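To start, the structure under review is shown below, and the notes come after it.
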Amino acid sequence: MAAFSLIRRLLGKKTDALGDSPIPTYFQNKAAHHGYTLSAGQAQAIAAMARASQHLLAGQPARSLYLHGPVGRGKSWLLDGFFQALPIAEKQRVHFHDFFARLHRGMFTHRAHDDALAVTLDELLQGCRVLCFDEFHVHDIGDAMLITRLFKALFARGVLVLVTSNYPPAGLLPNPLYHERFKPVIDLIAARMDVLEISSPQDFRSLPQAQGSQRFTHGQYVWPGTAAQRKTLNLPAADCPAQSLTVGKRQLTCRRQQARSIAFTFNDLCEQLTAVMDYLLLCQDFDHWIIDGLPQLADCPIAVQQRFINLVDVLYDQDKQLTLIGARPLAESLAGQAIDLARTASRLNQLQPQALEPVS
């Protein structure tokens, strides 16, 4: 209860005239139900979300929020709780990959307009007053320039934006060749958003209570993927022939389709020129994904590592069951250079290990 006393103190008396926010009570009940002990950073974030909701519900200007911190510290949990508890209908909860894929597609569709971004946002937001934007990161200068325009447009429309990220604003687009060109967005975030660090010594995804109703956490990591393991778990053979698969207007390769289950090799999805939109379209038709042949990522080009990171992000956010097959223990396979691999490792560590039993 100490965390909620802190929240009340952080809210203070100056917000009393705006009425009580439902946010602290919601998180108090949610934390108690799951047996979580909130960190001080989470308590500060909940107080900030409560203040924002009070102003929003009173029709007053509210500052947007930027929550950052290491992987598995409850940032998405906070975002989801805020979204669920906020008693308005004009809100959206989106994932970075999904939103940007739709943004790019809409701007291409409306490229003949003088302001394709504005027309696309009219379609995507449709009167939205609160946009919850999960897993925000920037590594590409092209995306960075679009993000600059996007944030300016969102603030101009009066949209309250709640962002979660593994990076503090100053750590976005870390490539020194481009970082200075992104400085205007970093300054805009500082001016228009409350920036809060969500830290804790505990990776919450490692707790037993985190292994709950999520379909993703019921997946498996299978190694070394012997014929006996594959037969027992009803997985495709290692030499399963390729099949052509139509995804949108593209032709990809898979290894097996059964009802809402789909099997690929790592090469099919990550070593070919696939994109986030391909994964999102496939998620509409398939709930159980089998990905075979996870290599040691350190041996793969950065572009291949990044596709794998993007793929896991999409499967996690869309809550799909994943069976991942590799030749080595997961920790060995996930050693690589891509800067977002820590998030991927945190998520994949929730899979149930299926190792070959030693012969006695």
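Residue 117 is where the sequence shown starts when you use my numbering, and the numbers rise one by one after that.
From the three backbone atoms N, C-alpha and C, an ideal C-beta is built for every residue, glycine too.
Source: prediction; values computed, not measured.
Does the beta-carbon distance from Pro179 to Glu206 come in below 8 Å?
-> Here the sequence assigns Arg to residue 179, which means Pro is not the residue at that position. In this structure, Glu206 does not lie closer than 8 Å to Arg179 by Cβ.
Just grab the DSSP bridge partners of Arg366 for me.
-> Val363
Since Leu262 contacts Gln208 with CB under 8 Å, what's their CB separation in whole angstroms?
-> Leu262 to Gln208, Cβ: 18 Å. No contact.
Residue span of the beta strand (DSSP E) that contains Ile441, given as start and end = Gln437 to Gly442
Using a threshold of 8 Å, state whether the C-beta atoms of Ala168 and Trp339 are closer than that.
-> no
Rounded straight-line distance, which links the Cα of Val279 to that of Leu410 | 31 Å
Let me know the secondary structure DSSP gives Cys386 once reduced to three states.
-> helix
Going by DSSP, what residues sit across from Pro177 in a beta bridge?
-> Paired residue(s): none; Pro177 is not in a bridge.
For Pro417, does the count of other Cβ atoms within 10 angstroms reach 16, so buried, or fall short, so exposed?
-> exposed
Arg463 burial status per 10 Å Cβ neighbour count (16 or more: buried) = buried
Under the three-state DSSP convention, the category Ala228 falls into | coil
Ile204 by DSSP, collapsed to three states: which one?
-> coil
Counted within 10 angstroms of its Cβ, other Cβ atoms place Asp384 as buried (16 or more) or exposed | buried
Lys299 in three-state terms, based on DSSP | helix
Would Arg189 be called buried (16 or more neighbouring beta carbons within 10 Å of its own) or exposed?
-> buried
Using the Cα positions of Arg331 and Ile406, report the straight-line distance between them to the nearest angstrom.
-> 14 Å
Cβ-Cβ distance between Pro203 and Pro138 below 8 Å | yes
Using 10 angstroms around the beta-carbon of Asn145, count the other beta-carbons present and answer buried if the total reaches 16, otherwise exposed.
-> exposed
Uninterrupted beta strand (DSSP E) stretches inside the region 370-435 (no shorter than 3 residues) | 372-374, 377-381 and 404-410
Name the DSSP beta bridge partners of Gln470, please?
-> Val338
Indicate the three-state DSSP secondary structure (helix, strand or coil) for Arg209 in the structure shown.
-> strand
Does DSSP put Thr153 in a helix, in a strand, or in coil?
-> coil
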